[in-house]
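Participant:
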Amino acid sequence: MERLDRDFFTLDVLEVARRLPGMEIVLRQGAEFKRYMITETEAYNGSEDKACHASRGKTSRNEIMFHAGGYLYLYFIYGMYWMLNIVTGAEGDPQAVLIRGAGEISGPGRVTRCLGIDRTFNREDIVTSERIWIETNGYSPELITGPRVGIDYAGEPWVSMPWRFMIKK
DNA sequence: AACACGATTTCG
DNA sequence: GAAATCGTGTTT
Numbered sequence: 001m002e003r004l005d006r007d008f009f010t011l012d013v014l015e016v017a018r019r020l021p022g023m024e025i026v027l028r029q030g031a032e033f034k035r036y037m038i039t040e041t042e043a044y045n046g047s048e049d050k051a052c053h054a055s056r057g058k059t060s061r062n063e064i065m066f067h068a069g070g071y072l073y074l075y076f077i078y079g080m081y082w083m084l085n086i087v088t089g090a091e092g093d094p095q096a097v098l099i100r101g102a103g104e105i106s107g108p109g110r111v112t113r114c115l116g117i118d119r120t121f122n123r124e125d126i127v128t129s130e131r132i133w134i135e136t137n138g139y140s141p142e143l144i145t146g147p148r149v150g151i152d153y154a155g156e157p158w159v160s161m162p163w164r165f166m167i168k169k
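Under my numbering, the first residue of the first sequence is numbered 1, with each subsequent residue one higher.
1. Flag this pair as yes or no: are the beta carbons of Y71 and D7 separated by less than 8 Å?
2. Output the distance between the C-alpha atoms of Q95 and A102, rounded to the nearest integer angstrom.
3. In whole angstroms, give me the CA-to-CA distance for V45 and C52.
4. Who are the Cβ neighbours of C114 in its own chain at under 7 Å, not counting the five residues just before and after it?
5. Between Y75, G79, G116, which lies nearest to V97 when the distance is taken from Cα to Cα?
6. Tell me the rounded alpha-carbon separation between S47 and G57.
7. Return the residue from the list D5, T145, E40, M23 that minimises the CA-CA distance to I138.
8. Rounding to the nearest angstrom, what Cα-Cα distance links E32 and G109 in this structure?
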């Protein structure tokens, strides 16, 4: 297994979102290592994308999305869930990939809860972090694509863009 | 200072 | 179908 570097995460968000399924999130908890294969992602594609948090400009919450790829963006929603995102693309282009499924876990809120990922992971650099990173073994599973979930407010064309990627079972 | 709401999940 | 539950952005 090979740890992913800065070059990978600075690729375009659509490229990263469709390549992450099949790769593994590695979490280090003391001497323990836990691995979860990413099964589902969604791409949030910069300032033009009305479903992207950064579409209405930079705020203290989304500022990390404007960095170069490889940083984590954690945000809290519905009063109880943390959403795990990986920032992608070049500096100044606010893109991120939402991790919607890992291992046997389905649903972004359940992923963070099960993996123990919370606000302390916000802005973590997964290229250099000692506690979380991504590895690949070259496996590239067949994918199913579809529109993103829960973003009806974004309107067309964004609500219809096929930017959800999941491993075909 | 107050208010509205969300990249969800769970229960009835 | 609707509640749970609160940080964040926006309005007052």
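Positions of the beta carbon are idealized from the N, C-alpha and C atoms, including for glycine.
Predicted model only: the values in this text are computed from it and were never measured.
Facilitator: This is what the structure gives:
1. Taking 8 Å as the Cβ cut-off, Y71 and D7 do not qualify as a contacting pair.
2. Taking the straight line joining both Cα atoms gives about 21 Å.
3. In the sequence on display, residue 45 carries Asn and not Val. Computed Cα separation, rounded: 6 Å.
4. Counting only Cβ-Cβ distances below 7 Å, and skipping sequence neighbours, we find I105.
5. When C-alpha distances from V97 are compared across Y75, G79, G116, the shortest belongs to Y75.
6. Each residue's Cα considered, the two are about 7 Å apart.
7. What sits at residue 138 in the sequence shown is Gly, not Ile. It is M23 whose Cα lies nearest to the Cα of G138.
8. Across the structure, E32 and G109 are spaced so that their CA atoms are roughly 23 Å apart.
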